[in-house]
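Visitor: Input: one structure, supplied below.
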Amino acid sequence: MNKRKNLGVPAETHMRIERVAVEITAKTGKVTKWTDVVNFMIENYLNEAKLDMIGKLAPNSKEAFISKAIYREKE
């Protein structure tokens, strides 16, 4: 059984994600829903988000150092 929970997303954020889904659909030809985009981000970027949030809330933490190092690698 696949249990689901609801996620409250502000209308402006929903529209941003919806636009991304439309762009993905246009470029790939595969119908992509906004929930597909959100689920992809959660499945693939949750740990990075965790490190980033901890780094912002606790700038002297080990996680802040790791988060900054990740951003430097991407530049």
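Per the working numbering, the very first residue in the sequence shown carries number 1374; after that it's consecutive.
Cβ coordinates follow ideal geometry from the N, Cα and C atoms, glycine included.
Nothing here was measured: the structure is a model prediction, and the numbers come from that model.
Beta-carbon separation of W1407 and E1396 under 7 Å?
Guide: Taking 7 Å as the Cβ cut-off, W1407 and E1396 do not qualify as a contacting pair.
Visitor: Per DSSP, what kind of secondary structure is N1379 in: helix, strand or coil?
Guide: Reduced to three states, the DSSP call for N1379 is coil.
Visitor: Return the CA-CA distance between K1400 and D1409, expressed in angstroms with no decimal places.
Guide: One C-alpha to the other measures close to 15 Å.
Visitor: Taking the alpha helix (DSSP H) that N1417 falls in, what are its first and last residues?
Guide: Note, N1417: alpha helix (DSSP H), W1407 to L1430.
Visitor: Does DSSP put V1404 in a helix, in a strand, or in coil?
Guide: Three-state result, V1404: coil.
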